[in-house]
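Enquirer:
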Amino acid sequence: MNISTHVSGGRRTIVAMAVVAVLCLTLGLLLSRLIVSPGQAAANAAPPTAGPISVPVESRVIGNEVVLRGDVGYDDPVALTIETGDLGGAAVVTGQVKEVGATVDAASVVLEVVGRPVIALPGDLPTYRTLRAGVSGPDVQQLKAALRAVGLDGGDPAGATYDAAAAAGVRALYQKVGYEAPTGGDEVKDAVKAAQENLTSAQSEVRSAESAVAAAARAGNGSSVTELDGQVRVAEARLAYLDEQCAQPVDPENPASVDCTPPARVEAEAALASARAARAAADAAPDTTAEREAVRAARDRLTAARQALGEAQEAALTPLPATEVVYLPSLPRRVDAVSVQRGGVVQGKFMSVSGATVQITASASRADAELMQPGTAGSITVDGAEVPVTVAEVTVPDAAAAAGDGGGDGGDGDAKAPTGERRQVVFTVGELTAEQLASLQGSNVRVRVPVSSTDGAVLAVPLAALTAGPGGESRVELLQDGESRLVEVTTGLAAGGYVEIKASKAPLEEGDLVVVGVSADTDEGEDTAEDPDADADATKEEE
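The opening residue of the sequence shown carries number 1013 in the working numbering; numbering runs sequentially from there.
So, in structure tokens, the structure goes:
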């Protein structure tokens, strides 16, 4: 090893040590910036200086709304039943079973029981008896009105008696639905036939009795009248001849051949009087009392026969069995549920139908319900699109309905409210597409009902900006140029966490800053202040 080699190795060692020293110094400087001492950490965690939190005065529309949840269904649900007491056996379903979703129209068959139709007609009264000839009542008037509503003539709806016109309308109804009209059976037909035969016999009897009266009258005064007239004329001629002959002078030589003695004249006058009396007697009606009595009796029997025929014909009028008709307050209807099938037996309710109009039934507190009068508009959201709804009615539910009500707003505060504090709100729904209708069926939806709003944009501040003065007046703290002052204001509608400023003692404009809170120290070093939107849902019912 020479001296030059030794010197070169020493230099490399010195350079390496210098580089390592520089690197360590640089690394130390960097770590000194990242490492914080406990004292410095405590100093850094100290809270900022407390101060006001301000927000600008806004110009905005303030609207108040009620939010409810409601169940979607169809209006006016009705359970259908039929009277089966007159069937004389089991009410076996033989056909015409409708499917869920089908439409029930006026004068349509909703079911077939033991081969006979059950026809739907418009009306408020339920079926409670079979309608047949002679019965009267409001159910007959309802039938006539229903027949007229479906284009059939059942007589004047003001008439309360089931008559031939009503029966004709019922026959036309059965022809319309494609079934034979009901009848009273063979016994009724036989009774009508017998009554017709009795009427024919009575009519013949009357004619015979009347002929007997005429014959008796002719027998009493037929040819004898002519004979009596001749006898009167002969007696008159004899008396005239006697007077003429006896008025001639008496010729002694030729005595008169006529007896002019007084007795002879009296005899002639008596003969004339007798002839005239006989003729006058002939003018009197003959005694046909017996014959006329026979006519009266025959006519009485004819009247009775006519009445019997009328009663038999009335009994034969087409009836409307109670088992073959159901009345619904309005038609058409939608089939919601069917509880029978072909071959089964009808026992109680066999079908549930509802109106064709979609409706939403919700529950609201009494205070909210008072804000929603019939006709109030609202909206729901269906598949991302807004659909209008309208309040149809607001009613007080009965206890049973309230206990089982599945709709409502879902808020815990009102869920335990007494029935008297709850109201049932029914909404009708605007026009829906087929897809929207399918999406809504059987669902529970959120209904938004605006109940008040300002007329356009108004000055508004968060509710947190309001404070109460010593006299109860409302104030805001106006922050200008780093200084604050209290300004008395008159408030209007409050909704969505904001309140309308209707007037102020000092000028207040959009963009002015008002204090809504003050930052404060906390153990965790966090600032706390009231959120201007904390009360955004204060006027809404919880979902």
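Every residue, glycine too, gets a C-beta built ideally from N, C-alpha and C.
Please determine, among A1280, V1182, P1169, G1484, the residue with the shortest C-alpha to C-alpha distance to A1132.
Expert: Answer by Cα proximity: V1182.
Enquirer: Which word fits Y1253, buried or exposed, when buried means at least 16 other C-beta atoms lie within 10 angstroms of its C-beta?
Expert: Classification of Y1253: exposed, given that the 10 Å Cβ count is below 16.
Enquirer: Could you check if D1424 is buried or exposed, using at least 16 other CB atoms within 10 Å of its CB as the buried criterion?
Expert: Only weak support is given to the placement of D1424: the predicted model assigns it a pLDDT of 39, under 50, and the question is left unresolved by the model.
Enquirer: Can you list, in chain order, the residues of its chain whose CB lies under 8 Å from that of D1098, leaving out five sequence neighbours each side?
Expert: Answer for D1098: T1142, P1333, A1334, T1335, listed in chain order.
Enquirer: Exposed or buried, which one is L1159 when buried takes at least 16 other CB atoms within 10 Å?
Expert: Its Cβ being crowded by 16 or more others within 10 Å, L1159 is buried.
Enquirer: Less than 8 Å between the CB atoms is what I'm expecting for E1489 and V1526, so what's the real figure, rounded?
Expert: Right, their Cβ atoms sit about 6 Å apart.
Enquirer: Expressed to the nearest angstrom, what Euclidean distance is found between the alpha-carbon atoms of V1511 and E1070?
Expert: If I take the Cα positions, the gap works out to 10 Å.
Enquirer: For the candidate residues A1207, R1144, Q1208, S1120, whose alpha-carbon lies nearest to that of V1189?
Expert: The shortest Cα separation from V1189 among A1207, R1144, Q1208, S1120 belongs to S1120.
Enquirer: Is there at least one non-hydrogen atom of the ligand GDP closer than 7 Å to the beta-carbon of V1408?
Expert: Ligands displayed in this structure: none; no statement on the ligand GDP is therefore possible.
Enquirer: For the pair the stretch 1206-1223 and the stretch 1305-1323, tell me if three or more CB-CB distances fall below 8 Å.
Expert: Yes: the two stretches touch, three or more of their Cβ pairs being nearer than 8 Å.
Enquirer: Might you give, ordered along the chain, the residues of its own chain that have their beta carbon closer than 8 Å to the beta carbon of A1320, omitting 5 neighbours on each side?
Expert: Hits under 8 Å: A1207, N1210, L1211.
Enquirer: Among the residues of its own chain, which have a CB less than 7 Å from the CB of A1469, if the five just before and after it don't count?
Expert: If we look at A1469 and ignore the five residues flanking it on each side, its Cβ neighbours are S1071, R1072, V1073.
Enquirer: Just confirm the distance between the C-beta atoms of V1152 and A1179, as a whole number of angstroms; I'd bet it's less than 8 Å.
Expert: With a Cβ gap of about 11 Å, V1152 and A1179 do not count as contacting.
Enquirer: From G953 to L1449, what distance separates their C-alpha atoms?
Expert: Because the chain here runs from 1013 to 1555, residue 953 falls outside it and cannot be looked at.
Enquirer: Could you give the DSSP three-state label for V1104: helix, strand or coil?
Expert: Strand, per DSSP.
Enquirer: Rank S1366, A1228, L1314 by C-alpha distance to the C-alpha of T1301 and give the top, closest one.
Expert: It is A1228 whose Cα lies nearest to the Cα of T1301.
Enquirer: What are the start and end residues of the beta strand (DSSP E) that includes A1091?
Expert: Residues 1090-1092.
Enquirer: Under a three-way DSSP split, which group does Y1253 fall into?
Expert: Reduced to three states, the DSSP call for Y1253 is helix.
Enquirer: Measure the beta-carbon distance from V1457 to I1392 and round it to whole angstroms, keeping in mind my assumption that it falls under 8 Å.
Expert: At roughly 5 Å, the Cβ-Cβ gap stays under 8 Å, so V1457 and I1392 are in contact.
Enquirer: Looking only at C-alpha atoms, which of C1258, L1041, T1315, E1485 sits nearest to S1216?
Expert: Of C1258, L1041, T1315, E1485, the residue nearest in Cα terms is T1315.
Enquirer: Would you mind reading off the limits of the alpha helix (DSSP H) that contains S1451?
Expert: Where S1451 is concerned, the enclosing alpha helix (DSSP H) stretches over 1446-1452.
Enquirer: According to the Cβ coordinates, are P1068 and L1491 closer than 8 Å?
Expert: Taking 8 Å as the Cβ cut-off, P1068 and L1491 do not qualify as a contacting pair.
Enquirer: Identify the residues that DSSP records as bridge partners of P1129: which are they?
Expert: Paired residue(s): E1124.
Enquirer: What does M1363 pair with, by DSSP beta-bridge criteria?
Expert: Answer by DSSP bridge pairing, in chain order: L1092, V1350.
Enquirer: Taking the C-alpha atoms as reference points, what is the distance between A1214 and A1203?
Expert: Rounded to the nearest angstrom, the two C-alpha atoms are 16 Å apart.
Enquirer: Would E1279 pass as a contact of V1225 if the rule is Cβ separation under 8 Å?
Expert: Taking 8 Å as the Cβ cut-off, E1279 and V1225 do not qualify as a contacting pair.
Enquirer: What number of angstroms, rounded off, separates the C-alpha of V1034 from the C-alpha of R1023?
Expert: Taking the straight line from one Cα to the other gives about 17 Å.
Enquirer: Measuring only the C-alpha atoms, how far is V1112 from D1348?
Expert: Distance between the alpha carbons of V1112 and D1348: 5 Å.
Enquirer: Looking only at C-alpha atoms, which of S1516, A1476, V1401, T1445 sits nearest to L1080?
Expert: That would be V1401, whose Cα lies nearest to the Cα of L1080.
Enquirer: Mapping DSSP to helix, strand and coil, what is P1430?
Expert: Residue placement at P1430 is poorly supported in this model, since its pLDDT is 47, which falls under 50; the coordinates still yield a value, given next. Coil at P1430, not helix or strand.
Enquirer: Would you please state the rounded distance, in angstroms, between the beta carbons of L1498 and S1464? I believe it to be under 8 Å.
Expert: Not really, about 28 Å apart at Cβ, beyond 8 Å.
Enquirer: In whole angstroms, what is the alpha-carbon distance linking A1368 and L1444?
Expert: A1368 and L1444: Cα-Cα distance of roughly 13 Å.
Enquirer: Leaving out five residues before and five after M1363 in sequence, what residues of the same chain have Cβ atoms less than 6 Å from its Cβ?
Expert: The residues are L1092, V1350.
Enquirer: DSSP beta-bridge partners for D1082?
Expert: What sits at residue 1082 in the sequence shown is Gly, not Asp. DSSP, once it has assigned bridges, lists A1374, V1457 as partnering G1082.
Enquirer: Determine the direct distance from the alpha carbon of A1389 to that of E1077, and round the result to whole angstroms.
Expert: Their Cα atoms are separated by approximately 11 Å.
Enquirer: Output yes or no for whether 8 Å exceeds the beta carbon distance between Q1243 and A1290.
Expert: Yes.
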